[in-house]
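Visitor: Those protein sequences? They're chains B and W, same order as listed. All letters in the first sequence, in the order written, are residues 207 to 441 by this note's numbering. All letters in the second sequence, in the order written, are residues -7 to 327 by this note's numbering.
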Amino acid sequence: MTFVIALEYPCDVAHNIDYSPFNQRRRQCEVTDAMQTPITNISIGDTRYPMRQACVGTYFRALEELSVQGVSPHIVGKGKSAEEASNDFCLKVHATLQSLINKRPFEMTDEDQLKLDVISQFIDVTVYQNTTPIKVRQFGRIRRARPYPESVAWDDGRVEQVPIDKVEDSDYVTYRSGQPFEAVVQRDPITFELIRIVSIERRHESHRMPAEEESQLLDEIGSLKNLRQNTEWTP
Amino acid sequence: MEVFFLDVAQGMCHIMLIGDRTAIVIDCGSGRRTKQSTIPLQFLQRMGIERIHALLTTHSHNDHMGGAINILGHYQDQIDRIGFVNDGEFLTSPYWERIKELLSDGKLEREQLIRLECSNAPQELWNNSTLNAKLHVIAPLPVQNLLGSDQERPNATSAVLILDIGCKRIVFASDSEFVEWKDIQRSLGTIPCNLLSVPHHGGYIKCSQDELAWLYQDAVKPEVAIISVGTTNNHGHPREDIVRALTKCGAKVMCTQVTKKCSDDLESVRSISLPKRYAGASSKAACFTGGGNSKNVACAGTIRVKIDEKEVDIEHFAAHQALVEKIQSPLCRFG
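1) Determine which residues of the segment 38 to 67 of chain W have a Cβ less than 7 Å from any Cβ of chain B, and write them out in chain order.
2) Just to make sure I have the definition right: I need the residues of chain B whose C-beta is within less than 7 Å of the C-beta of Arg13/W. Which are they?
3) Near Asp305/W, which residues of its chain fall below 6 Å by C-beta distance, leaving aside the five closest residues on each side in sequence?
4) Roughly how many whole angstroms lie between the Cα atoms of Asp97/W and Ala301/B?
5) Is the Cβ-Cβ distance between Gly59/W and Ile31/W less than 8 Å?
6) How big is the Cα-Cα spacing for Ser189/W and Leu117/W?
7) Pair every Cβ in the segment 312 to 330 of chain B with every Cβ in the segment 42 to 62 of chain W, then say whether three or more of these pairs are closer than 8 Å.
8) Please list, in chain order, all residues of the same chain as Pro114/W whose beta carbon is under 8 Å from its beta carbon, the five residues on each side excluded.
9) Could you give the residue range of the alpha helix (DSSP H) that holds Tyr270/W?
10) Show which residues of chain W have a CB atom less than 9 Å away from the CB atom of Met314/B.
11) Give a single yes or no on whether Phe295/B has its beta carbon closer than 7 Å to a heavy atom of the ligand NAD.
12) List the DSSP bridge partners of Val297/W.
13) For chain W, is any of its Cβ atoms less than 8 Å away from the one on Glu426/B?
14) Below 7 Å CB to CB, which residues in the same chain sit around Pro86/W once its five sequence neighbours on both sides are set aside?
15) Taking CB distances under 8 Å as the criterion, tell me whether Asp330/B reaches chain W.
16) Can you list, in chain order, the residues of its chain with a C-beta nearer than 6 Å to that of Asn119/W? Leave out the 5 residues immediately preceding and following it.
17) Checking 8 Å against the spacing of the C-beta atoms, do Thr224/W and Lys287/W come in under that value?
18) Buried or exposed for Leu213/B, going by 16 or more other Cβ atoms inside 10 Å?
19) From which residue to which residue does the alpha helix (DSSP H) around Gly11/W run?
20) Could you give the residue range of the beta strand (DSSP E) that holds Pro86/W?
21) Give a yes or no on whether 8 Å exceeds the smallest Cβ distance from Ile162/W to chain B.
22) What does a CB cutoff of less than 7 Å around Asp394/B pick up in its chain, not counting 5 residues either side in sequence?
23) Could you tell me the alpha carbon to alpha carbon distance between Gly3/W and Ile281/B, rounded to whole angstroms?
24) Under a three-way DSSP split, which group does Thr149/W fall into?
25) Have a look at Val379/B and Thr243/B and give me their C-alpha separation to the nearest angstrom.
26) Using a Cβ cut-off of 9 Å, pull out every chain W residue sitting near Pro386/B, in sequence order please.
27) Ignore the nearest five residues each way along the sequence and tell me which others in Arg231/W's own chain have a CB closer than 8 Å to its CB.
28) At the 8 Å Cβ level, is Ile106/W part of the contact set with chain B, yes or no?
29) Name the chain B residues whose beta carbon is nearer than 8 Å to that of Lys298/W?
30) Would you decide whether Asp79/W is buried or exposed? Buried here means 16 or more other CB atoms lie within 10 Å of its CB.
31) Return helix, strand or coil for Val210/B, following the three-state DSSP convention.
32) In the structure shown, what three-state DSSP assignment does Phe398/B receive?
33) Does any CB atom of chain B fall closer than 8 Å to the CB of Leu9/W?
34) Would you give the residue range spanned by the beta strand (DSSP E) that Gly140/W belongs to?
35) So with Cβ pairs under 8 Å, would you call Thr122/W a contact of chain B?
36) Could you tell me if Pro66/W is buried or exposed, where buried requires 16 or more neighbouring beta carbons within 10 angstroms of its beta carbon?
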């Protein structure tokens, strides 16, 4: 006796997508051929996505596919076992989200927008963005080291406390006052507070450009003559 | 594309997101040694920007250039062009020192540096045929630049830029003074625009009341005027006569932050302010200066504008206008 699998997708009128062939393939599966797999978290490497709620995937052994209500058929996990398909599903979500997250709305196709909407149903993208640290390259010099570095003065004039335990490179402890450096700094995306310094390296005092060379440089720069001139423009 | 008018407190920063993780930055306020100087970089990072097509500083005051050194530090080898005005203060800035270092290190080429000037016609800085977008410099003239540089008045030689997308237009007026607008009007006539970044944060631009009325009737006619201003600025920005001149010409006015000129009780404004959506200086949590004055209270906060050939859409414009109605005595309602 053949049972109809409950997992079925309605016709998406808004995006003019008909899921009937996808549904039909699943209807042909016997219920014993399907297995439910809970997906409680999606983590790839250091990236962990905050889920709005745990979701349940259905693994169809005959098709070697894992479908998730609301997400499939846009994203389907493939694999010879439920676990393999589940991992593939998570990887596909990760790849899709990372490719879409830095696209601006005006760059997105309807399909991109649809995929993002679908993923946003079970992953809280805003929370993910608000909790993922940003990494910036910054230049500065040691402001105080008594005897070990405590605070730095960044290029923009700001002073910040950077204790040794916030710096991954152990050589930092040997830096003296006034030492210029270049660092990759992990910061809070909302407050821009320092989380830690991922890498740091000493910089040599760069040689000052002689006044004559500077003056020559300024003469060379000139105006926008190297750009297009007198283009069409109407008030 | 999108244009963001960043809330950097008392300063100016406009960022155009042109697609493909690329941006054009026009000014990077605010002052050095302030936390606000990191806002432009923070914003760019949060938007996932990987390349800066042009990093433009319209003049060399810190409230326009203070954060440029952070952007230059992070994106040093991912910047196509660096545009600046060689006014009196530029050559003594740490930003110029860093540019020279990068040139010496071979991370920048001299050809990437451009001086923002125009001769007798607007000069094109950027264009994109897919977006039908063009960015032009319309001021200063080389002679203004020389005079301003000698007089050490960077405002008088601020670069003025115009973004055209089809028939839609945004004017970035920086801290330009009236004298520049006289020349602009003489050579280009009246410039109608959908959006104007109001000169000098709505402050004094060295002109009389009559000249002010002329400016917003005959030189530049905006539908919406955006004033980048900080709650605790001690320059008296925005000025009542400026806001009045703008509203009189029919412009809707939006400020990034609210000042005491609009309400005595700034904390009550903070409590009803719109949720913060983008990087910016204003805070929903109460914060005060050492003297106990409210600081960083958003009016519109960071403003996002979606612009294409068909429309200019200011995000949450209606919600902001509704908020203004709840403020005690908003300057922008005097007109």
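Quick reminder that beta carbons are idealized off the backbone N, C-alpha and C, glycines included.
Guide: Quick answer:
1) Listed in sequence order: Arg38, Gly40, Gly58, Gly59, Ile61, Asn62, Gly65 and His66.
2) Residues of chain B with a Cβ closer than 7 Å to the Cβ of Arg13/W are, in chain order, Asn308.
3) Around Asp305/W: Lys298.
4) Computed Cα separation, rounded: 37 Å.
5) Contact check for Gly59/W against Ile31/W passes: the beta carbons are separated by less than 8 Å.
6) Spanning the two alpha carbons is a distance of roughly 18 Å.
7) With contact defined as three or more Cβ pairs closer than 8 Å, the segment 312 to 330 of chain B and the segment 42 to 62 of chain W are not in contact.
8) Within its own chain, the residues whose Cβ lies closer than 8 Å to the Cβ of Pro114/W, once the five positions on either side in sequence are excluded, are His128, Val129, Ile130, Ile154 and Leu180, listed in chain order.
9) From DSSP, Tyr270/W is part of no alpha helix (DSSP H); its letter is neither H nor E.
10) Under the 9 Å cutoff, chain W gives no residues; its nearest Cβ is about 10 Å from Met314/B.
11) By its list of ligands, the structure shown contains no ligand whatsoever, and the ligand NAD lies outside what it can speak to.
12) BP columns for Val297/W point to Val(-5)/W and Ile306/W.
13) Yes, Glu426/B lies at the interface with chain W (some Cβ there is under 8 Å from its Cβ).
14) Ile61, listed in sequence order.
15) Contact with chain W is absent for Asp330/B, since none of that chain's Cβ atoms lies less than 8 Å from the residue's Cβ.
16) Lys126.
17) The Cβ atoms of Thr224/W and Lys287/W lie closer than 8 Å to each other.
18) Annotation note: pLDDT 49 at Leu213/B (below 50); position unreliable, coordinate value reported separately. Burial check for Leu213/B: the Cβ neighbour count within 10 Å reaches 16 or more, so the residue is buried.
19) Per DSSP, Gly11/W is not a residue of any alpha helix (DSSP H); the beta strand (DSSP E) it occupies stretches across His6 to Gly11.
20) Element bounds for Pro86/W: not the beta strand (DSSP E) but the alpha helix (DSSP H), Pro86 to Ser96.
21) Judged by the 8 Å Cβ criterion, Ile162/W is not in contact with chain B.
22) Only Pro339 and Ile401 meet the Cβ criterion.
23) So the two alpha carbons sit approximately 45 Å from each other.
24) Assigned with DSSP and collapsed to three states, Thr149/W falls in helix.
25) Each residue's alpha carbon lies about 49 Å from the other.
26) What Pro386/B touches in chain W: nothing, since even the nearest Cβ is about 10 Å away.
27) Result list for Arg231/W: Gly194, Gly195 and Tyr196, in chain order.
28) It does; some Cβ of chain B falls within 8 Å.
29) Within 8 Å Cβ-Cβ: Pro311 and Phe312.
30) Residue environment for Asp79/W: buried (at least 16 other C-beta atoms within 10 angstroms of its C-beta).
31) With a pLDDT of 36 at Val210/B, under the threshold of 50, the predicted position of this residue should be treated as unreliable, though the coordinate-derived value follows. Val210/B falls in the coil class under three-state DSSP.
32) Look at Phe398/B here: in three-state DSSP terms it is coil, with no helix or strand label.
33) Among the CB atoms of chain B, one or more fall inside 8 Å of the CB of Leu9/W.
34) Looking at the DSSP string, Gly140/W is not in any beta strand (DSSP E); the run it does join, the alpha helix (DSSP H), is Pro134 to Gln143.
35) No, Thr122/W does not count as interfacial toward chain B.
36) Before going on, a small fix: residue 66/W reads as His here, not Pro. By the neighbour-count rule (16 or more Cβ atoms within 10 Å), His66/W is buried.
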